[in-house]
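Asks: This is the structure I want to talk about, given as structure tokens.
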Amino acid sequence: MSAAESNGLQWFKATASTSGNGCVEVAHLSDGGVAIRHSRTPNDQVIRYTAFEWDCFLDGVRNGEFDRPEAAGLA
222 MSAAESNGLQ WFKATASTSG NGCVEVAHLS DGGVAIRHSR TPNDQVIRYT
272 AFEWDCFLDG VRNGEFDRPE AAGLA
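In terms of our numbering, the sequence shown has 248 at position 27, counting the first letter as 1, and numbering is strictly consecutive.
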């Protein structure tokens, strides 16, 4: 998805994000998928994921599969 195609989307980021403009932003797509971009470069690359891919990723997050090693006690 190009940055131009993503202009009309409603972007949001986690409430824990600060105003430092270094956050991941997500937009929900009409087909159930999501688009993801970096808030510092909103006119740069936008990555698109299907609903299935996004759901699998969120399941992994919820299960701790992406926790930093020090957060998981592995460091």
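Where is the CB? At the ideal position from N, CA and C, for every residue including glycine.
If you're wondering where the values come from, they're calculated on a predicted model, not measured in any experiment.
1) Can you tell me where the beta strand (DSSP E) with E246 in it begins and where it stops?
2) Reducing DSSP to helix, strand and coil, say where A237 ends up.
3) For the 8 Å Cβ check, are there 3 or more pairs between the segment 258-267 and the segment 279-287?
4) Enumerate in chain order the residues of its own chain whose CB-to-CB distance from V247 is below 8 Å, with the five nearest sequence positions on each side excluded.
5) Going along the chain, which residues of its own chain have a beta-carbon closer than 6 Å to the beta-carbon of S238, five neighbours each way excluded?
6) With distances taken from CA atoms, which of W275, T236 and H259 is nearest G253?
7) Starting from R261, follow the beta strand (DSSP E) in both directions and report where the run begins and ends.
Replies: Let me lay it out:
1) V245 to H249
2) coil
3) no
4) W232, F233, K234, V255, A256 and I257
5) C244
6) W275
7) That residue, R261, is in no beta strand (DSSP E); it is neither H nor E in DSSP.
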